[in-house]
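Residue numbers (the numbering used here), protein chains in the order written: chain Z, 22 to 177; chain E, 22 to 177. What follows is a single structure, written as structure tokens, with notes after it.
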DNA sequence: ATTAGTAATGGAAACCATTTTCAATAAGGA
DNA sequence: TCCTTATTGAAAATGGTTTCCATTACTAAT
Ligand SMILES: [Mn+2]
Ligand SMILES: [Mn+2]
Ligand SMILES: [Zn+2]
Ligand SMILES: [Zn+2]
């Protein structure tokens, strides 16, 4: 992990410190990993990758950090139906594009799509507003996911 | 559970038998429960309710039946983020209205909304079609869920 | 009705992602 | 430095879900 001079890491630092938490080596490593990887990683995936460089960071800390960052709104917890949670940087963080997911129920492959997103987002905003007023909810997030069979899986 | 003359149960029977499975007492009980209840029940919820009338139906069978019915597309498996799966009758089955969910991350309360649905469904269909063509997926379902804090939970 | 083959079942045990406990350590402020 | 609090890792516990396995219920011939 490069030493902390790029924009991203300062953003993290401010955000984490601003909420009264410390940016420890483990937390920094996890944020660094999530920001450079394009995959949707599980806690254990992250633990494994982190472990080579930071062999002192335990799985428990990974779980704790993921929960913290999730609470701070810096990352998103995703469920693709395979029994383990996946994580990705939240949109709005260093140029993460708004996107949704297409999940194969056969092989658990996940496709991120950014097409059609503009209309979706527009409608989502509208809906969100309507729901907030009608049900007195303070809406903080949404999930849009399509599920089905990928080409490989539908051929058998 | 009323004896099997109403439309619903015949629909089940046809559907289940049509796929080469039997409509056993346990399966019938679970379908009956899901079709009369408006809640989103977990496997254990279902087991508890079934158990009073059908004390011989075990939790394992409940799980198995839920998986089967889910595979047959007769029910939907939902995840509201509280660590246990919930189930509801799939849309299109005996007048189940198309609806989406609004989940409180504070108390796990779930609101079903049917407002705004028309536009959503229209856009979903469009998007689905586009995605199927572009990514060669055979799309079978979608999830739209908003999360946030309900009025009670946002006041503290 | 008997038989044989298969589907379905329940209870116990296993599984496994996540959480909790707890004692140790690190960091920061007075 | 001393004190308070935040953070940590290892091990154990938790709890929803699956798997095993021996038994039972169906079904379709014979
Ligand atoms: Mn993604
Ligand atoms: Mn519902
Ligand atoms: Zn696939
Ligand atoms: Zn609430």
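Virtual Cβ for every residue (Gly too), placed ideally from N, Cα, C. Quantities reported herein were computed from a predicted structural model and do not represent experimental measurements.
Cβ contact annotation for residue 100 (chain E) (same chain, cutoff 7 Å, sequence separation greater than five): 106, in chain order.
In this structure residue 126 (chain Z) touches residue 168 (chain Z) by the C-beta definition: roughly 5 Å separates them, less than 8 Å. In the three-state reduction of the DSSP assignment, residue 108 (chain Z) falls in the strand class. Proximity to residue 140 (chain E) across E:113, E:121 and E:85 peaks at E:121, based on C-alpha coordinates.
Look at residue 56 (chain E) here: in three-state DSSP terms it is helix. For residue 76 (chain E), the number of other beta carbons within 10 angstroms of its own is below 16, and it is reported as exposed.
Between residue 144 (chain E) and the set E:156, E:128, E:157 and E:163, the nearest pair of CA atoms involves E:163. About 5 Å separates the CB atoms of residue 97 (chain E) and residue 109 (chain E); that is less than 8 Å, so the two are in contact.
In chain order, 144 and 148 make up the part of chain Z whose C-beta sits under 8 Å from the C-beta of residue 141 (chain E). Annotation: residue 150 (chain E) to residue 154 (chain Z) spans about 32 Å, alpha carbon to alpha carbon. Here the C-alpha atom of residue 81 (chain Z) lies approximately 12 Å from the C-alpha atom of residue 72 (chain Z). At a cut-off of 8 Å, the C-beta of residue 163 (chain Z) has a neighbouring C-beta in chain E. For residue 72 (chain E), the three-state secondary structure derived from DSSP is helix. Interface residue (Cβ-Cβ distance to chain Z less than 8 Å): residue 167 (chain E) is classified as such.
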